[in-house]
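For reference, the structure is listed below as structure tokens.
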Amino acid sequence: MADVPATVGPAIESRDLSKRFGQVEALQGMTLVVPSGVTFGLLGPNGAGKTTAIRLWLGLTTPSSGSARVLGEEIPPRSVLPRIGYMPQDPAIYTDLTVGENLGLFGRLVGLEEPTIRRRTDAVLKFMDIAKRRDDLVSTLSGGMKRRTSLAAALLHNPDLLLLDEPTVGVDPELRASFWSFFHRLTERGKTILITTHYMEEASRCDLVALLHRGRMLACDTPTAIKERTGSANLDDAFLSLVRSAQVGIS
Amino acid sequence: MNGRRVLAISRKSLSQFRHDRRTLGFVVGMPLLMIIAFGYTFGGQVSHVRTLLLNEDAGPMAGRLVANLTGDTLDLVDVADSNAARDEIRVGGAWAAIVFPADFSTQLALRNATIEVLIDGTSPPIVAAVLGSVRAAAERTFAGAGGAGAMSLDLDYVYGSDETRFIDSFAPGIVGLAVLLATTVFSVIIIVREKTGGMLERLFATPLRPIELVLGHAIALSILALAQSAIVLTAAILLFHIQVVGSIVLAFGILLLFAIGNQGLGMMLSAAAKNELQAIQFIPAILFPSLLLTGVFFPLEAIPQEFRGLSAVVPLTYAGDALRSVMLRGWGVADIGWDIAALLIYAGLMLLGAAALIRRQA
């Protein structure tokens with residue numbers, strides 16, 4: 004896997020991006036660049052600020068300070084939303100609609116024409132291996148199938164940038180492997196994928212990773228470089244080492 | 113059975129209530145609201161019914177009877193002639209007109225007197241109040257002289273008829289109430305469900321604008337509301353043979369406008385509800401003012417005067433008035449202009465308010 008592929012301008016640029024909720028600093032001065040065409044992992048434990056960062060990039064909430072550009076547009080990135088696919092942590096799909104009806108809805112919301120929706124629905128469901136469940140109510144699907152449907156809805160409009168919030172949490176190893184296979188096939192097609200996860204072992208599958216802890220970014224580099232810098236055998240140890248260093252720095 | 117386990121469940125439920133302050137407030141506040149609202153409106157007597165008076169009697173007897181029309185049931189206003197009286201009732205300016213003919217005193221002596229009462233018969237409680245007042249005044253005026261038996265009331269219905277029943281008068285309001293409940297409650301629950309399931313956030317991660325979401329829901333629920341209205345109206349016509357003298361199409365138009373405003377109201381209320389349980393608690397808060405303060409079941413004249421102003425801020429007042437006027441009086445769009453204007457303002461404000469609030473809920 005190439006560490007940093009050739010880019011055509013960054014997919015995301017954050018400059019000193021911060022978000023405060025009352026006394027809680029959910030994100031503190033995040034500065035990072037996500038190049039186009041890579042799988043970028045935003046890693047950190049629960050409460051690290053990963054979801055807050057995604058919500059800021061999507062314009063779902065406003066920053067307390069700092070700025071960001073997504074696909075070249077300052078946040079909130081209204082005009083480029085049709086080029087972004089988003090999969091929230093919980094499978095946000097209507098359980099009282101069928102798989103096909105859910106995809107139809109999201110296709111219409113991003114402005115796809117009906118024939119395109121039909122064609123893309125066929126393609127995406129086949130790609131996600133759930134074509135047979137197209138006419139089934141989502142409420143009848145297993146948890147894994149619901150996640151596939153949620154990812155299919157994010158992929159339907161062939162977006163340039165995919166923001167996937169903990170797509171593999173609670174997913175069995177087989178499906179997780181299957182998801183990562185999807186992700187790599189997408190980056191091979193030139194898509195940019197940003198994944199949040201708190202599974203450190205998933206980071207090694209990313210081209211670039213940023214480690215977050217309590218709203219602060221501890222490192223942003225290739226997995227190999229982070230391990231080398233901290234002298235760690237794996238990213239778990241690297242993360243713990245960086246957290247300890249940060250705490251020593253703070254104290 | 114294990115008593116400790118039973119009590120553990122009870123304790124768990126009470127703890128859940130304790131943590132949900134809004135529900136606790138509902139449990140305490142709602143019965144208070146109910147007893148106050150019903151106490152003030154349900155037991156109220158009809159009063160201050162605007163009634164026109166035309167006394168053409170050449171003799172003194174009509175004047176004596178009028179002097180005995182005491183109390184606050186009728187607000188008497190002199191009118192120039194019977195045509196003017198009829199016109200004012202026709203446009204909804206007064207409920208009734210009491211006309212004493214020129215030969216009233218003479219005919220009374222012959223035990224053949226009549227009092228002409230022009231009346232809007234669309235509200236049986238109002239009709240009963242007007243006729244009851246006139247008959248009571250006649251009894252008082254001619255008590256002991258046997259005069260009350262020497263006169264009769266000649267009823268001239270400007271709207272409705274002596275066959276207009278209570279159900280005819282409140283059927284339009286029931287349809288309005290059904291639409292109000294269905295549309296408001298559904299829209300509160302739909303948005304709360306979207307909010308709690310993370311769907312609002314997912315929807316707003318697409319180019320969807322808040323006003324588009326609000327209008328989309330409004331159209332869908334309006335279609336349901338119209339279907340529901342059709343069922344209620346059809347049942348009322350077939351089963352109870354309610355009177356409909358006006359345009360059903362116009363009635364549906366009013367219901368549609370009212371339904372759109374209600375969806376906006378529901379979506380605004382959803383901002384204050386964290387879950388479906390809290391959303392359901394809005395039902396009585398919407399239901400009771402609409403039931404009691406809008407003239408749907410009890411005429412506005414039966415509400416104590418100090419509370420009548422409240423009816424002006426309850427949207428069903430305008431929808432109910434417009435529906436009754438169309439269905440029972442046969443009025444057209446121009447005649448219910450004020451009601452339509454009020455409903456348009458209601459719909460516009462609620463939809464804009466909903467669009468402003470809904471984005472913050474994502």
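Residue numbers (my numbering), protein chains in the order written: chain A, 4 to 254; chain B, 113 to 474. Where a beta carbon is used, it is the ideal one built from N, C-alpha and C, also for glycine.
Minimum C-alpha distance to residue i - residue among the options
| i | options | result |
| --- | --- | --- |
| G137 of chain B | B:L455, B:R472 and B:Q393 | B:Q393 |
| I415 of chain B | B:A179, B:D184 and B:R133 | B:D184 |
| N167 of chain B | B:F212, B:V203, B:V189 and B:I148 | B:F212 |
| V300 of chain B | B:R247, B:P401, B:A385 and B:R420 | B:A385 |
| M220 of chain A | A:P48, A:P13 and A:V41 | A:P48 |
| I231 of chain B | B:R223, B:L222 and B:G205 | B:G205 |
| T308 of chain B | A:R18, A:P94, A:A29 and A:G44 | A:P94 |
| T276 of chain B | B:M439, B:M462, B:V445 and B:L456 | B:M439 |
| A56 of chain A | A:P79, A:M148 and A:G40 | A:P79 |
| A149 of chain B | B:L325, B:P401, B:L422 and B:S235 | B:P401 |
| V475 of chain B | B:A347, B:I448, B:G444 and B:Q375 | Not covered by the structure: residue 475 of chain B. The range shown for chain B is 113 to 474. |
| L367 of chain B | B:G288, B:E413 and B:A459 | B:G288 |
| S153 of chain A | A:G52, A:Y97, A:R122 and A:R23 | A:Y97 |
| R314 of chain B | A:D168, A:G173 and A:V172 | A:D168 |
| G365 of chain B | B:A332, B:R305, B:S437 and B:L338 | B:L338 |
| P85 of chain A | A:A157, A:M148, A:T190 and A:R150 | A:A157 |
| V361 of chain B | B:A342, B:I349 and B:L186 | B:A342 |
| L20 of chain A | A:L59, A:S39 and A:T225 | A:L59 |
| R188 of chain A | A:S67, A:V41 and A:T227 | A:V41 |
Buried or exposed by the 16-neighbour rule on C-beta atoms within 10 Å, applied to residue i
| i | result |
| --- | --- |
| D210 of chain A | buried |
| T54 of chain A | buried |
| H131 of chain B | exposed |
| H160 of chain A | buried |
| A250 of chain B | buried |
| V242 of chain B | buried |
| E418 of chain B | exposed |
| E413 of chain B | buried |
| V7 of chain A | Low confidence applies here, because V7 of chain A scores a pLDDT of 40, under 50, leaving its location unreliable and the question unanswered by this model. |
| E231 of chain A | exposed |
| N105 of chain A | buried |
| R123 of chain A | buried |
| A9 of chain A | Its pLDDT being 38, under 50, A9 of chain A is placed unreliably in this model, and the value from its coordinates should be taken loosely. A9 of chain A should be labelled exposed. |
| I354 of chain B | buried |
| V27 of chain A | exposed |
| E324 of chain B | exposed |
| E129 of chain A | It is Lys, not Glu, that sits at residue 129 of chain A in the sequence shown. So K129 of chain A counts as exposed. |
| S82 of chain A | exposed |
| V425 of chain B | exposed |
| V37 of chain A | buried |
| V158 of chain B | buried |
Own chain residues within Cβ distance below 7 angstroms of residue i, not counting five before or after
| i | result |
| --- | --- |
| L245 of chain A | L214, L221, A222 and T233 |
Same chain, Cβ closer than 8 angstroms to residue i, neighbours up to 5 away in sequence not counted
| i | result |
| --- | --- |
| T101 of chain A | R137, D138, D139, L140 and V141 |
| F129 of chain B | T135, L136 and V139 |
| D239 of chain A | M203 and E204 |
| S423 of chain B | L405, T406, G407, L412, I415 and T429 |
| L389 of chain B | D132 and T135 |
| R176 of chain B | T253 |
Start-to-end residues for the alpha helix (DSSP H) that takes in residue i
| i | result |
| --- | --- |
| S264 of chain B | Per DSSP, S264 of chain B belongs to no alpha helix (DSSP H); it is in the beta strand (DSSP E), M263 to Y271. |
| G407 of chain B | No alpha helix (DSSP H) holds G407 of chain B; DSSP gives it neither H nor E. |
| E418 of chain B | Q417 to R420 |
| A95 of chain A | Looking at the DSSP string, A95 of chain A is not in any alpha helix (DSSP H), and its letter there is neither H nor E. |
| E104 of chain A | V102 to L112 |
| P411 of chain B | Premise fails: P411 of chain B is in no alpha helix (DSSP H) and is neither H nor E. |
| T152 of chain A | G146 to L158 |
| K135 of chain A | First-last for K135 of chain A: undefined, no H or E at that position. |
| T429 of chain B | P427 to R441 |
| I470 of chain B | G449 to I470 |
| G115 of chain B | G115 to H131 |
Contacting residues, own chain, Cβ-Cβ under 6 angstroms from residue i (five flanking each side not counted)
| i | result |
| --- | --- |
| V297 of chain B | I395 |
| G110 of chain A | I120 and L159 |
| T295 of chain B | L333, A337, A371, N374 and Q375 |
| A5 of chain A | Low confidence applies here, because A5 of chain A scores a pLDDT of 37, under 50, leaving its location unreliable; read the following figure in that light. No residues qualify anywhere along the chain. |
| L166 of chain A | I57, Y89 and L197 |
| L265 of chain B | I227 and V229 |
Boundaries of the beta strand (DSSP E) in which residue i is found, first to last residue
| i | result |
| --- | --- |
| L2 of chain A | Residue 2 of chain A is absent from the model: chain A starts at 4 and stops at 254. |
Practice item. Counting only runs of 4+ residues fully inside the region 23-87 of chain A, write out the alpha helix (DSSP H) ranges in chain order. Key: Segments of the alpha helix (DSSP H) lying fully in the region 23-87 of chain A: 53-61.
Check your understanding: What alpha helix (DSSP H) runs, 4 residues minimum, are completely inside the region 156-235 of chain B?
Key -> Qualifying alpha helix (DSSP H) stretches, in chain order: 173-179, 194-202 and 216-221.
Practice item. Let me know the beta strand (DSSP E) ranges lying completely inside the region 192-228 of chain A, each 3 residues or longer, listed in chain order. Key: Segments of the beta strand (DSSP E) lying fully in the region 192-228 of chain A: 195-200, 211-216 and 219-224.
Check your understanding: Whole alpha helix (DSSP H) runs in the region 307-392 of chain B with 4 or more residues, listed along the chain?
Key -> Listed in chain order, they are 311-316, 322-352, 360-382 and 388-392.
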